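Taking it in order: structure first as structure tokens, then the write-up.
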Amino acid sequence: MPNILSGTVTKTGAMAKTITVTISRRFEHPKLIKQIERHHKMLVHDEFQQAMVGDRVSIIHGKPFSRRKHFALQSINRHGTDVPVQRPLSSGAGAGAEGRIPGSKILGELRAEATA
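In terms of the numbering used here, the sequence shown has 20 at position 18, counting the first letter as 1, and numbering is strictly consecutive.
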């Protein structure tokens, strides 16, 4: 049975089809009787490059992809809050400011100046 772990994506884009996932575990120290947290960073193969920083993911152990990469992305459980959400622009002449991206008027003016 393969080993399945869950963690948080901490780094993407440094290597092609590879993300860094931090696995955190919390335990009670036997003598000090206090909670201690330990981290372990793992390189994970992301075939479709769909994970982003801050996502909670499940990873599965498998055959080695490289010297340090032995895990593959199984699923994205929850998207992080740092991921920008793309909103659709409003269509129609009298739609108003709802649905527009802030600063889009300024960007449009800059693009018009650049093409002129």
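Ideal Cβ placement from N, Cα and C applies to all residues, glycine included.
Predicted model only: the values in this text are computed from it and were never measured.
With distances taken Cα to Cα, identify the nearest neighbour of residue i among the options.
i: Pro4; options: Gly82, His81, Arg80, Gln76; result: Gln76
i: Thr24; options: Gly9, Phe67, Ile35; result: Gly9
i: Ile21; options: Ala74, Gly82, His31, Arg69; result: Ala74
i: Gly15; options: Arg80, Lys71, Gln52, Ile78; result: Gln52
i: Ala69; options: Ser26, Gly82, Met44, Lys13; result: At residue 69 the sequence reads Arg, which differs from the Ala that was named. Answer by Cα proximity: Met44.
Identify, in the order they occur along the chain, each residue of the same chain with its Cβ nearer than 6 angstroms to the Cβ of residue i, setting aside the five sequence neighbours on each side.
i: Met17; result: none
i: Phe67; result: His47
i: Gly96; result: A caution first: Gly96 carries a pLDDT of 49, below 50, which makes its placement in the model unreliable, though a value can still be read off. Taken in chain order, the list of residues that qualify is empty.
i: Lys13; result: Thr22
Name the DSSP beta bridge partners of residue i, please?
i: Met9; result: As written in the sequence, residue 9 is Gly, which differs from the Met given in the question. Paired residue(s): Val59.
Between which residues of its own chain and residue i is the CB-CB distance below 8 angstroms, once the five residues before and five after are set aside?
i: Pro86; result: Only weak support is given to the placement of Pro86: the predicted model assigns it a pLDDT of 46, under 50, and the value that follows is read from those uncertain coordinates. Around Pro86: no qualifying Cβ.
Residue range of the beta strand (DSSP E) that residue i falls in?
i: Met1; result: Outside the displayed range of the chain (3 to 118) lies residue 1, so it cannot be described from this structure.
i: Lys70; result: The question names Lys, but residue 70 in the sequence shown is Arg. Segment: none, Arg70 is in no beta strand (DSSP E) and carries neither H nor E.
i: Ile38; result: 37–47
i: Phe29; result: 20–30
- Message: Between the stretch 32–42 and the stretch 51–70, can you find at least three pairs of beta-carbon atoms closer than 8 angstroms?
- Response: With the cut-off at 8 angstroms, the stretch 51–70 and the stretch 32–42 do not touch.
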